[in-house]
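Student:
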Amino acid sequence: AQKVTQAQTEISVVEKEDVTLDCVYETRDTTYYLFWYKQPPSGELVFLIRRNSFDEQNEISGRYSWNFQKSTSSFNFTITASQVVDSAVYFCALVDSSYKLIFGSGTRLLVRP
Amino acid sequence: EAGVVQSPRYKIIEKKQPVAFWCNPISGHNTLYWYLQNLGQGPELLIRYENEEAVDDSQLPKDRFSAERLKGVDSTLKIQPAELGDSAVYLCASSPGLAEYNEQFFGPGTRLTVL
Numbered sequence: 010a011q012k013v014t015q016a017q018t019e020i021s022v023v024e025k026e027d028v029t030l031d032c033v034y035e036t037r038d039t040t041y042y043l044f045w046y047k048q049p050p051s052g053e054l055v056f057l058i059r060r061n062s063f064d065e066q067n068e069i070s071g072r073y074s075w076n077f078q079k080s081t082s083s084f085n086f087t088i089t090a091s092q093v094v095d096s097a098v099y100f101c102a103l104v105d106s107s108y109k110l111i112f113g114s115g116t117r118l119l120v121r122p
Numbered sequence: 041e042a043g044v045v046q047s048p049r050y051k052i053i054e055k056k057q058p059v060a061f062w063c064n065p066i067s068g069h070n071t072l073y074w075y076l077q078n079l080g081q082g083p084e085l086l087i088r089y090e091n092e093e094a095v096d097d098s099q100l101p102k103d104r105f106s107a108e109r110l111k112g113v114d115s116t117l118k119i120q121p122a123e124l125g126d127s128a129v130y131l132c133a134s135s136p137g138l139a140e141y142n143e144q145f146f147g148p149g150t151r152l153t154v155l
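Shown next, in the form of structure tokens:
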């Protein structure tokens, strides 16, 4: 069965600190896709990144970077030089052959000025 | 391009009352999803439509929940009768098609409070 675990329930950092959000997943499929979504206080889930299981290359987008390691079934997300606007709940999610988007329970990030 | 539209944004009802939520997906998106998000949890799929056909409703509590997507565009999710435990956020999402790699675009959700 598919499962996504985000062990960090809440993280609090001071602005400009770097922060890493952990994500561990389980699936029996060899082909699958991993996602990160951001949910600000407004409630709307905002897509951040998609990664397929055959592409382990790390990705950087501005202050955001993602580290995908199949050997440990992890897809971690790092925010460099965090800002107050980064405060939100972040969800890691998985889709495999079931076509269902399975979300983790989310990590609430609070960036304090 | 307009995003996924949901209404109402908030709804407060008493238990045993009926309630309905409406969703208008992004134009051209064939696949539509309804999710339930409890406080402090990630969204959980209730039902998925491909055009007007419900292709996965295994997670929908059919004794009290129903959904429809007439003409393959807008969708309505109904609860009758509502119970206290139904208090949650109901999210609608859409994607261009039923492929596992497709990004799902989410609406702002309807926050339901059952008293």
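Sequence lines, in order, name chains A and B. Residue numbers for the first sequence follow the numbering used here, so the first one is 10 and each next one is one higher. Residue numbers for the second sequence follow the numbering used here, so the first one is 41 and each next one is one higher. Backbone N, C-alpha and C define an ideal beta-carbon position, used for all residues, glycine too.
1. Below 7 Å between beta carbons is the criterion; list the residues of the segment 36-62 of chain A that meet it against any residue of chain B, in chain order.
2. Is the segment 57-68 of chain B close to the segment 130-138 of chain B, with three or more CB pairs under 8 Å?
3. Which residues of chain A have a Cβ atom closer than 9 Å to the Cβ of residue 54 of chain B, listed in chain order?
4. From residue 100 of chain B to residue 87 of chain B, what does the alpha carbon distance come to, in whole angstroms?
5. Within a Cβ cutoff of 6 Å, which residues of the same chain sit near residue 119 of chain A, ignoring the five residues on either side of it in sequence?
6. Can you tell me which of the three DSSP states residue 81 of chain A falls into?
7. Examine chain E for any beta-carbon lying closer than 9 Å to the beta-carbon of residue 12 of chain A, and answer yes or no.
8. Grab the span of the beta strand (DSSP E) containing residue 48 of chain A for me, first residue to last.
9. Hey, residue 91 of chain A and residue 32 of chain A: beta-carbon distance below 9 Å or not?
10. Could you name the residues of chain A that residue 141 of chain B contacts, counting a contact when the two beta carbons are closer than 7 Å?
11. So what does DSSP say about residue 95 of chain A, is it helix, strand or coil?
12. Given this structure, state the Cα-to-Cα distance separating residue 71 of chain B from residue 46 of chain A, to the nearest angstrom.
13. What is the residue span of the beta strand (DSSP E) that residue 67 of chain B lies within?
14. Identify each residue in the segment 106-131 of chain B for which the Cβ-Cβ distance to at least one residue of chain A is less than 9 Å, and report them in chain order.
15. So, with DSSP's three-state summary, where would you put residue 111 of chain B?
Tutor: With the given structure in hand:
1. 42, 51, 52, 53, 54, 56, 59 and 61
2. By the criterion of at least three beta-carbon pairs nearer than 8 Å, the segment 57-68 of chain B is in contact with the segment 130-138 of chain B.
3. Residues of chain A passing the Cβ test: none, with the nearest at roughly 24 Å.
4. 6 Å
5. Same-chain partners within the cutoff: 21 and 96.
6. helix
7. In the structure shown, chain E does not exist; the protein chains are A and B.
8. 42-48 is the span of the beta strand (DSSP E), which, as asked, contains residue 48 of chain A.
9. no
10. 42, 59 and 61
11. helix
12. 19 Å
13. Residue 67 of chain B -> no beta strand (DSSP E), and no H or E assigned at all.
14. 129 and 131
15. helix
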